[in-house]
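In this note's numbering, the protein residues as written are 9 to 232.
Using N, Cα and C, we set each Cβ at its ideal position, and we do this for glycine too.
Note that this is a predicted model, so its numbers are computed, not measured.
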């Protein structure tokens, strides 16, 4: 899509729809704290009003994103889509969280006298890890096999459970952002502290993309 072909018309589309259709929109939404995953069913106009954001300015920014976007194909085959979720996101979260917990414990211990230290971060990450692992196992052992088999008359029940748990994950992410000042290390922070916050920001982006892909793309294939 060329720069001379603005898209516009974003204001009345939902955040989830825009995030699905426009590669790069999620970074803009994260910048402005617009929740496109758990809160993605809200129109851009309404979400912007809550945060006192200028809708025409957001539309202009989205036009710029659209002008330079490279289309990213979401697998049309459900088995391939589930495989992508498992190998990219499930495996990625399992690899990332133990190291983030280790870094958080180190920062909390070494810098406990610093008023900016994120006290309780390691415990929050541990709780998130436990919840996320239980959630992913339910998907891998129950929901995904049903989907790979073509669905089930009662599949709406496990999907509803997963959606509710996604909301819980979203609450955890908001707690992470609050505890870390939006992943902003204090002036003079050591390398470990900076690496921790950079890793947390990356983990947050990945989990939001993961939730969005399930909520807006995978699950609707089975819920109509």
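Distance, residue j Cα to residue i Cα
i	j	result
residue 14	residue 68	Only weak support exists for where residue 14 lies, its pLDDT of 41 falling under 50; the value from the coordinates is given anyway. So the two alpha carbons sit approximately 8 Å from each other.
residue 184	residue 150	29 Å
residue 12	residue 74	Confidence is the limiting factor: at residue 12 the pLDDT is only 38, short of 50, which leaves the residue's position unreliable and the question unanswerable from this model.
residue 220	residue 125	31 Å
residue 145	residue 70	36 Å
residue 98	residue 174	14 Å
residue 178	residue 123	26 Å
residue 231	residue 108	35 Å
residue 114	residue 196	17 Å
residue 147	residue 96	15 Å
residue 112	residue 37	27 Å
For residue i, the three-state DSSP class (helix, strand or coil)
i	result
residue 51	strand
residue 22	strand
residue 137	helix
residue 7	The displayed coordinates of the chain run from 9 to 232. Any statement about residue 7 would go beyond what the structure contains.
residue 85	coil
residue 266	Given a span of 9 to 232 for the chain in the structure shown, any question on residue 266 remains unanswerable.
residue 192	coil
residue 128	coil
residue 120	coil
residue 157	coil
residue 41	coil
residue 171	helix
residue 227	coil
Any non-hydrogen atom of the ligand NAP within 8 Å of residue i CB
i	result
residue 53	Among the ligands in the structure shown, none appear at all, so the ligand NAP cannot be discussed.
Whole-angstrom C-beta distance between residue j and residue i, which should lie under 8 Å
i	j	result
residue 42	residue 55	5 Å
residue 217	residue 34	7 Å
residue 132	residue 187	7 Å
Do three or more CB pairs link the stretch 158-165 to the stretch 207-226 at distances below 8 Å? Contact fails: fewer than three Cβ-Cβ distances are below 8 Å.
Contact between the stretch 196-206 and the stretch 138-145 is defined here as three or more beta-carbon pairs at a separation below 8 Å; is this criterion met? Short answer: they don't touch.
Are at least three pairs of beta-carbons, each pair with one atom in the stretch 85-93 and one in the stretch 50-61, less than 8 Å apart? Judged by Cβ distances under 8 Å, the stretch 85-93 makes no contact with the stretch 50-61, as fewer than three pairs qualify.
Determine, using beta-carbon pairs with one atom in the stretch 172-188 and one in the stretch 48-56, whether at least three such pairs fall under 8 Å. Judged by Cβ distances under 8 Å, the stretch 172-188 makes no contact with the stretch 48-56, as fewer than three pairs qualify.
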